[in-house]
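Below is one structure, written out as structure tokens, with a few remarks after it.
There are 2 protein chains.
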Amino acid sequence: MDAVDESAPRFDAFAASCPSRRLLDTIGDKWASLAVVALGLGGRMRYSELSARIEGVSQKMLTQTLRKLERDGLLTRTVTPSVPVRVDYELTPLGLTLLEPICHLKEWAEAHMAEVDRARDEYDREKLQT
Amino acid sequence: MDAVDESAPRFDAFAASCPSRRLLDTIGDKWASLAVVALGLGGRMRYSELSARIEGVSQKMLTQTLRKLERDGLLTRTVTPSVPVRVDYELTPLGLTLLEPICHLKEWAEAHMAEVDRARDEYDREKLQT
DNA sequence: CGGGATCCCTACGGATACTG
DNA sequence: CAGTATCCGTAGGGATCCCG
């Protein structure tokens, strides 16, 4: 390794202290990123809307995920004490900024996932021939 | 399920069948993304180099992760049958394309992680006052 | 409606020991 | 050196019941 410019925020994801590690704890969570994207596309959404939109998520996981994202300041939780309670979730400005990099990943997935699938098939076929 | 237009690659991360879900299985894995980044910065690397670079990873997880990435066609594994075996890992062209969107996330983390931390502190303080 | 609390099971992942 | 195999604890996460 050659000299590292300290003014450039180098990617020390390898050190356990790097923010990158904790970023993975946030968006690396399957449901968390889906929730962010859902709110990014849908704007303000109710709990039941999110639940319906994100197929396969249990209410335990959804609640847990939303709490986590609220704690991280990525979304707001608004309770309207009507007759049946109404709760709305919405991305904060900070949450909206996360939407962009996530969409880059989305585009990568859409563009290259077919290649990944082909690679998998090939790999699996080779291994089965053993 | 209603009719699905197969030509339009819309972002159905919410449908369990969408590539986005499987993308999360790949880069959502803590060690996988770190390995990709390590190889992105370091080029061709040996197993021991990766092990040293990615702090805190067990050899079980590292091996498992590398196999997964190899299977997905993101990196190549080259065995040199010398006296002690030498194994090198290197990103494929496909793996290199993944590096870009991951770096966008990295930049987001470095730019906003402080805000996240502040939000957390505030959230925790409010909750403890209950 | 939007959760909180509980039970329970599994698979993720670390530590250790062995091999080509 | 670069793994594979095994054991084993723990936490992730589903199902269920209940509450404001």
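Chain order of the listed sequences is A and B.
So the first sequence is residues 1 to 130, counted in our numbering.
So the second sequence is residues 131 to 260, counted in our numbering.
For each residue, glycine too, the CB sits at the ideal point set by N, CA and C.
Cross-strand partners of residue i (DSSP beta bridge)
| i | result |
| --- | --- |
| L75(A) | L91(A) |
| M45(A) | Y89(A) |
| T193(B) | BP columns for T193(B) are empty, so no partner. |
| T156(B) | DSSP lists no partner for T156(B). |
| T210(B) | R216(B) |
Residue i: contacting residues in chain A (beta-carbon distance under 7 Å)
| i | result |
| --- | --- |
| L228(B) | W108 |
Any chain A beta carbon closer than 7 Å to residue i
| i | result |
| --- | --- |
| K198(B) | no |
| V246(B) | yes |
| Y219(B) | no |
| A133(B) | Caution is warranted here: a pLDDT of 40 is assigned to A133(B), below 50, making its placement in the model unreliable, and no coordinate value can be reported. |
| P139(B) | Only weak support is given to the placement of P139(B): the predicted model assigns it a pLDDT of 45, under 50, and the question is left unresolved by the model. |
Partners in chain A for residue i, counting only beta-carbon separations shorter than 9 Å
| i | result |
| --- | --- |
| L224(B) | H112, E115, V116 and A119 |
Under 7 Å from the C-beta of residue i: neighbouring residues of chain B
| i | result |
| --- | --- |
| G73(A) | E245, V246 and A249 |
| P84(A) | Within 7 Å Cβ-Cβ: nothing; P84(A) doesn't reach chain B, min ~24 Å. |
Cross-chain neighbours of residue i in chain B, by beta carbon under 8 Å
| i | result |
| --- | --- |
| P101(A) | P231, H234, L235, E237 and W238 |
Within-7 Å CB hit, residue i to chain B
| i | result |
| --- | --- |
| Y123(A) | yes |
| E6(A) | Because E6(A) carries a pLDDT of 42, less than 50, the predicted location of this residue cannot be relied on, and the following value inherits that uncertainty. Chain B, which has no Cβ nearer than 7 Å to the Cβ of E6(A), makes this no. |
Residue i CB to nearest heavy atom of the ligand SAM below 6 Å
| i | result |
| --- | --- |
| G225(B) | This structure simply doesn't include the ligand SAM, nor any ligand for that matter. |
Next item on the list: Spell out a yes or no on whether the stretch 58–70 of chain A and the stretch 27–45 of chain A are touching, meaning 3 or more CB-CB pairs, one atom from each, closer than 8 Å.
Entry: yes
Next item on the list: Tell me, please, whether the stretch 222–233 of chain B touches the stretch 166–182 of chain B by the rule of three or more beta-carbon pairs shorter than 8 Å.
Entry: yes
Margin query: Would the stretch 101–111 of chain A count as touching the stretch 228–247 of chain B if we require 3 or more Cβ pairs under 8 Å?
Written below: yes
Check: What residues in the stretch 18–36 of chain A have a beta carbon less than 9 Å from any beta carbon of chain B?
Finding: C18, P19, S20, R21, R22, L23, L24, D25, T26, I27, G28, D29, K30, S33 and L34
Check: Are three or more beta carbon pairs between the stretch 77–95 of chain A and the stretch 112–124 of chain A nearer than 8 Å?
Finding: no
Next item on the list: Say whether the stretch 204–219 of chain B touches the stretch 172–192 of chain B, bearing in mind that this needs 3 or more beta-carbon pairs closer than 8 Å, one atom from each stretch.
Entry: The stretch 204–219 of chain B vs the stretch 172–192 of chain B: in contact.
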